[in-house]
Amino acid sequence: MRIGELAKRAGTTTRALRYYEQLGLLPARRAGNGYRAYGEEDVRLLRQIRTLQDFGFGLEDTRPFVECLQAGHPHGDSCPASLEVYRKKLSELDECIARLQEVRTRVSEQYARAERERDALAAGAAAEPPQCEWAASAAPDRNEWEKR
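Counting in full-length UniProt numbering, the sequence shown runs from 1 upward without gaps.
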(Lines of atoms letter the chains of each structure in order from A and count residues from 1; the text may use other names and numbers.)
(Lines give C-alpha, C1' and ligand atoms only; values in the text may rest on other atoms or scores of the structure.)
Protein backbone atom coordinates (compact mmCIF):
# COMPACT_ATOMS: atom_id res chain seq x y z
CA MET A 1 0.00 0.00 0.00
CA ARG A 2 1.10 3.56 -0.53
CA ILE A 3 1.68 6.25 2.08
CA GLY A 4 -1.77 7.87 1.79
CA GLU A 5 -3.60 4.61 2.37
CA LEU A 6 -1.34 3.72 5.31
CA ALA A 7 -1.94 7.13 6.88
CA LYS A 8 -5.69 6.72 6.50
CA ARG A 9 -5.73 3.19 7.95
CA ALA A 10 -3.49 4.18 10.86
CA GLY A 11 -5.42 7.36 11.62
CA THR A 12 -2.50 9.70 11.08
CA THR A 13 -1.03 11.94 8.40
CA THR A 14 1.48 11.32 5.65
CA ARG A 15 3.64 14.00 7.23
CA ALA A 16 3.72 12.04 10.51
CA LEU A 17 4.66 8.88 8.62
CA ARG A 18 7.57 10.62 6.95
CA TYR A 19 8.68 11.88 10.35
CA TYR A 20 8.49 8.36 11.80
CA GLU A 21 10.63 7.19 8.89
CA GLN A 22 13.14 9.93 9.60
CA LEU A 23 13.33 8.76 13.23
CA GLY A 24 13.77 5.16 12.13
CA LEU A 25 10.51 4.00 13.69
CA LEU A 26 8.91 3.12 10.36
CA PRO A 27 10.95 1.29 7.73
CA ALA A 28 11.33 3.18 4.47
CA ARG A 29 10.84 0.66 1.69
CA ARG A 30 10.46 1.70 -1.93
CA ALA A 31 8.63 -0.04 -4.74
CA GLY A 32 10.20 -0.35 -8.17
CA ASN A 33 8.52 2.89 -9.22
CA GLY A 34 10.14 4.80 -6.34
CA TYR A 35 6.98 5.16 -4.26
CA ARG A 36 7.01 4.19 -0.62
CA ALA A 37 5.55 0.72 -0.12
CA TYR A 38 3.97 -0.52 3.12
CA GLY A 39 2.37 -3.69 4.37
CA GLU A 40 0.05 -4.84 7.13
CA GLU A 41 2.96 -5.07 9.57
CA ASP A 42 3.42 -1.30 9.18
CA VAL A 43 -0.22 -0.70 10.11
CA ARG A 44 0.42 -2.75 13.24
CA LEU A 45 3.57 -0.76 14.08
CA LEU A 46 1.72 2.52 13.68
CA ARG A 47 -1.18 1.40 15.84
CA GLN A 48 1.34 0.48 18.55
CA ILE A 49 2.99 3.90 18.28
CA ARG A 50 -0.35 5.74 18.33
CA THR A 51 -1.64 3.78 21.33
CA LEU A 52 1.52 4.50 23.31
CA GLN A 53 1.36 8.18 22.38
CA ASP A 54 -2.26 8.28 23.54
CA PHE A 55 -1.00 6.95 26.90
CA GLY A 56 1.54 9.78 27.12
CA PHE A 57 4.66 8.02 25.87
CA GLY A 58 7.09 10.06 23.81
CA LEU A 59 8.08 8.87 20.35
CA GLU A 60 11.50 7.74 21.52
CA ASP A 61 9.79 5.66 24.22
CA THR A 62 7.94 3.75 21.50
CA ARG A 63 11.14 2.48 19.90
CA PRO A 64 11.53 -0.68 22.05
CA PHE A 65 7.90 -1.64 21.32
CA VAL A 66 8.40 -1.12 17.57
CA GLU A 67 11.65 -3.11 17.63
CA CYS A 68 9.90 -5.90 19.53
CA LEU A 69 7.21 -6.13 16.85
CA GLN A 70 9.80 -5.96 14.08
CA ALA A 71 11.64 -8.86 15.73
CA GLY A 72 8.53 -10.98 15.18
CA HIS A 73 6.99 -10.92 18.64
CA PRO A 74 3.19 -11.03 18.67
CA HIS A 75 2.99 -7.98 20.96
CA GLY A 76 5.24 -4.95 21.15
CA ASP A 77 5.38 -5.09 24.92
CA SER A 78 6.64 -8.65 25.31
CA CYS A 79 10.35 -7.76 25.19
CA PRO A 80 12.54 -6.76 28.15
CA ALA A 81 13.25 -3.27 26.77
CA SER A 82 9.51 -2.60 26.41
CA LEU A 83 8.89 -3.74 29.96
CA GLU A 84 11.59 -1.34 31.17
CA VAL A 85 9.85 1.55 29.40
CA TYR A 86 6.61 0.54 31.15
CA ARG A 87 8.42 0.49 34.52
CA LYS A 88 9.88 3.93 33.89
CA LYS A 89 6.48 5.37 32.86
CA LEU A 90 4.79 3.87 35.94
CA SER A 91 7.43 5.48 38.14
CA GLU A 92 6.88 8.86 36.46
CA LEU A 93 3.13 8.51 36.91
CA ASP A 94 3.53 7.59 40.58
CA GLU A 95 5.66 10.72 41.14
CA CYS A 96 3.10 12.89 39.36
CA ILE A 97 0.24 11.40 41.37
CA ALA A 98 2.14 12.02 44.62
CA ARG A 99 2.71 15.68 43.67
CA LEU A 100 -0.95 16.08 42.78
CA GLN A 101 -2.00 14.50 46.07
CA GLU A 102 0.18 17.01 47.93
CA VAL A 103 -1.41 19.89 46.06
CA ARG A 104 -4.88 18.49 46.67
CA THR A 105 -4.19 18.27 50.40
CA ARG A 106 -3.02 21.87 50.48
CA VAL A 107 -6.00 23.12 48.48
CA SER A 108 -8.35 21.17 50.76
CA GLU A 109 -6.75 22.72 53.85
CA GLN A 110 -7.01 26.20 52.33
CA TYR A 111 -10.65 25.58 51.42
CA ALA A 112 -11.51 24.43 54.95
CA ARG A 113 -9.80 27.49 56.45
CA ALA A 114 -11.63 29.81 54.04
CA GLU A 115 -14.98 28.22 54.91
CA ARG A 116 -14.30 28.69 58.64
CA GLU A 117 -13.49 32.36 58.09
CA ARG A 118 -16.59 32.83 55.97
CA ASP A 119 -18.75 31.21 58.65
CA ALA A 120 -17.18 33.37 61.35
CA LEU A 121 -17.85 36.52 59.31
CA ALA A 122 -21.43 35.44 58.68
CA ALA A 123 -21.92 34.89 62.41
CA GLY A 124 -20.79 38.45 63.03
CA ALA A 125 -17.62 37.52 64.84
CA ALA A 126 -14.87 40.08 64.66
CA ALA A 127 -12.10 38.61 62.60
CA GLU A 128 -9.04 39.84 60.84
CA PRO A 129 -9.51 40.47 57.13
CA PRO A 130 -9.41 37.14 55.28
CA GLN A 131 -6.24 36.39 53.43
CA CYS A 132 -5.01 33.54 51.35
CA GLU A 133 -2.45 31.66 53.39
CA TRP A 134 -0.72 30.54 50.25
CA ALA A 135 0.02 34.09 49.26
CA ALA A 136 1.79 34.60 52.56
CA SER A 137 3.90 31.48 52.77
CA ALA A 138 3.71 27.99 51.45
CA ALA A 139 2.42 28.42 47.92
CA PRO A 140 4.44 26.41 45.45
CA ASP A 141 6.55 28.50 43.12
CA ARG A 142 4.64 28.61 39.83
CA ASN A 143 7.85 28.21 37.85
CA GLU A 144 8.79 25.19 39.94
CA TRP A 145 5.38 23.60 39.31
CA GLU A 146 5.60 24.20 35.54
CA LYS A 147 9.02 22.53 35.41
CA ARG A 148 7.44 19.33 36.62
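Quick reminder that beta carbons are idealized off the backbone N, C-alpha and C, glycines included.
Between the alpha carbons of Arg-36 and Arg-15 lies a gap of roughly 13 Å.
Closest by C-alpha distance to Glu-40, out of Glu-5, Glu-21, Glu-60, is Glu-5.
By the criterion of a C-beta distance shorter than 8 Å, Arg-44 is surrounded in its chain by Leu-69, once the five residues flanking it on both sides are discounted. In the same chain as Gly-76, and ignoring 5 residues on each side of it, the C-beta atoms closer than 7 Å to its own belong to Gln-48, Phe-65, Val-66, Cys-68, Leu-69, Ser-82, in chain order.
Distance between Met-1 and Glu-84, taken at the CA atoms: about 33 Å.
Ala-98 sits away from Arg-50, with the two beta carbons spaced by 8 Å or more. Under DSSP, Arg-36 takes part in a beta bridge, and its partners are Arg-30. For the pair Asp-119 and Gly-56, the Cα-to-Cα distance works out to about 43 Å.
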